[in-house]
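*Asks:*
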Amino acid sequence: MAVVQTSEFQYYAGLDPFQRRLLYEPIVLEYAMIQSCNLAREEPESHATVDFDNLQSDFEAFRVLVNKLAQVCDNERGGNSVTAMTILEGTNGPEFVFAANRKDEEETRATARFVTNLL
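Numbering (my numbering), first residue to last: 7 to 125.
1) Determine the DSSP secondary structure at A90, reduced to helix, strand or coil.
2) In terms of DSSP beta bridges, what is G99 paired with?
3) Apart from the five residues on each side of it in sequence, which residues of its chain come closer than 8 angstroms, Cβ to Cβ, to P100?
4) State the Cα-Cα distance for the pair T122 and R115, rounded to the nearest angstrom.
5) Provide the residue span of the alpha helix (DSSP H) that contains R115, from first to last.
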């Protein structure tokens with residue numbers, strides 16, 4: 007998923023924050039499904055780990071943070087579950103959106119509680 011960073015005013019095609027949040031849900035779900043299909047074809051060790059570097063932009067550091075949070079949500083290394091996560095700018099602060107394959111409703115709630123306690 008390509009992301010463009012700009013310091014200028016961002017145009018969201020006339021969508022209000024609620025509409026943008028609704029739009030992100032299927033996008034994140036699709037991204038998680040694509041990634042899970044790609045992971046099934048590769049060895050887990052083939053993925054390089056990107057760590058925080060103090061020369062990174064704030065945007066890149068934020069991206070690393072979100073990636074690490076999604077990784078800790080998958081508590082079984084090499085398991086059959088993949089979690090995607092994004093953090094949206096909500097009206098009352100940040101909103102966390104999760105998408106996962108092969109997790110039932112209770113497992114998804116447990117993941118949300120885990121991240122809430124972690125932060």
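For every residue, glycine included, the Cβ atom is placed at its ideal position computed from N, Cα and C.
*Replies:* The short version:
1) As a first step, residue 90 must be located in the sequence shown, where it is residue number 84. If DSSP states are grouped into helix, strand and coil, A90 belongs with the strands.
2) In the sequence shown, counting from the first residue as 1, residue 99 sits at position 93. According to DSSP, which records beta bridges pairwise, G99 is partnered with G96.
3) By one-based count along the sequence shown, residue 100 stands at place 94. Only residues of its own chain outside the window of five on either side were considered, and among them I93, L94 have a CB closer than 8 angstroms to the CB of P100, listed in chain order.
4) Working through the sequence shown from its first residue, we reach residue 122 at position 116. Working through the sequence shown from its first residue, we reach residue 115 at position 109. The straight-line gap from Cα to Cα measures roughly 10 angstroms.
5) For the purposes of this step, residue 115 is taken as residue 109 along the sequence shown, with counting starting at 1. Counting along the chain, the alpha helix (DSSP H) containing R115 begins and ends at 111-124.
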